[in-house]
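Data first, discussion second: the structure below is written as structure tokens.
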Amino acid sequence: MARLRNYFLTGFIVCAPLAITAWITWSFMQWTDSWVKPYIPTQFLPDSYLPFAIPGFGLIVALMIITMIGFLTANFIGRTIVKWGETVLGRMPLVRTVYTALKQIFETVLADRSSSFKTAGLMEYPRKGVWAIVLIATTAKGEVAKVLSDQGEEMLAVFMPPTPNPTSGFLMFVPKEDVRILKMSIEQALKLVVSSGLVTGDEKTAPMTQAEAERVIEEHERREAAE
1 MARLRNYFLT GFIVCAPLAI TAWITWSFMQ WTDSWVKPYI PTQFLPDSYL
51 PFAIPGFGLI VALMIITMIG FLTANFIGRT IVKWGETVLG RMPLVRTVYT
101 ALKQIFETVL ADRSSSFKTA GLMEYPRKGV WAIVLIATTA KGEVAKVLSD
151 QGEEMLAVFM PPTPNPTSGF LMFVPKEDVR ILKMSIEQAL KLVVSSGLVT
201 GDEKTAPMTQ AEAERVIEEH ERREAAE
């Protein structure tokens, strides 16, 4: 019975990510098709000539349009049009705030690797002796660097992602000496955060057993009693 249970869990671990990925991909394709296809003339829709619908056709058209817009924006005329459009949006109070915030978010997320997180590290938080994973963004610049210049040390801007959702977190400016640089990549550091420490790079670590947990707690209590 235990062997069957292990077989089931192994199969579930293999199938679940594949099924969820396929479902998300299919749902995204259908959602894109429902938005794009109504605006495509009937004579250009394969559905009009075939006895079945082609899933993802709307997504392909959307990708082509976005790529074409990017191509046009890269030249002088396109940049002029975009600049004029941003000027118009900049005169609308509420729209200006939303557009500027969204633009900054997308520029940050889709930025070139040279300007995105490149290094992971460890920093003592929330108290001495407790270490947390941080992503190092850059050195402190601008007004922040001027205000912190009295620290006498180079300050780093670090982002601390929480477990298991690394999309939120804390931005902190800390002395460079307080951060220990890790050799692991950003992807490996995020895997470590999302998995609650169970996945270290390409290696998987088994969860701590009850006996090991009790031993750690006992050692901690002994240290506190000795202090």
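With UniProt numbering, the residue at position 108 of the sequence shown is 108, and numbering never jumps.
Using N, Cα and C, we set each Cβ at its ideal position, and we do this for glycine too.
Give the DSSP-derived three-state secondary structure of Leu-4 in the structure shown. helix
Report yes or no: do the region 53-67 and the region 29-44 share at least 3 C-beta pairs separated by less than 8 Å? yes
CB-CB under 8 Å to Leu-122, same chain, minus the five flanking residues each way: which ones, in chain order? Trp-131, Ala-132, Ile-133, Val-134, Val-179, Arg-180 and Leu-182
In terms of alpha-carbon separation, which member of Pro-175, Phe-173 and Thr-163 lies closest to Leu-198? Thr-163
Is Ser-114 helix, strand or coil when you go by DSSP? In this predicted model, Ser-114 has a pLDDT of only 42, less than 50, meaning its place in the structure is not dependable enough to derive any value.
Please confirm if the region 89-98 is in contact with the region 141-159, defined as three or more CB-CB distances below 8 Å between the two stretches. no
Beta-carbon within less than 6 Å of Thr-138's beta-carbon, same chain only, minus the 5 sequence neighbours each way: which residues are those? Ala-157
Apart from the five residues on each side of it in sequence, which residues of its chain come closer than 8 Å, Cβ to Cβ, to Val-147? none
In the region 114-151, which residue ranges form an unbroken beta strand (DSSP E) of at least 3 residues, counting only runs that do not cross its ends? 119-124 and 131-139
Terminal residues of the continuous beta strand (DSSP E) containing Met-172? 170-175
Closest to Ile-65 by C-alpha separation, out of Tyr-125, Ser-196 and Thr-32, would be which residue? Thr-32
Starting from Arg-79 and walking both ways along the alpha helix (DSSP H), at which residues does that stretch end? 76-90
Helix, strand or coil for Phe-52 per DSSP? coil
Extent of the continuous beta strand (DSSP E) run through Leu-156: 155-160
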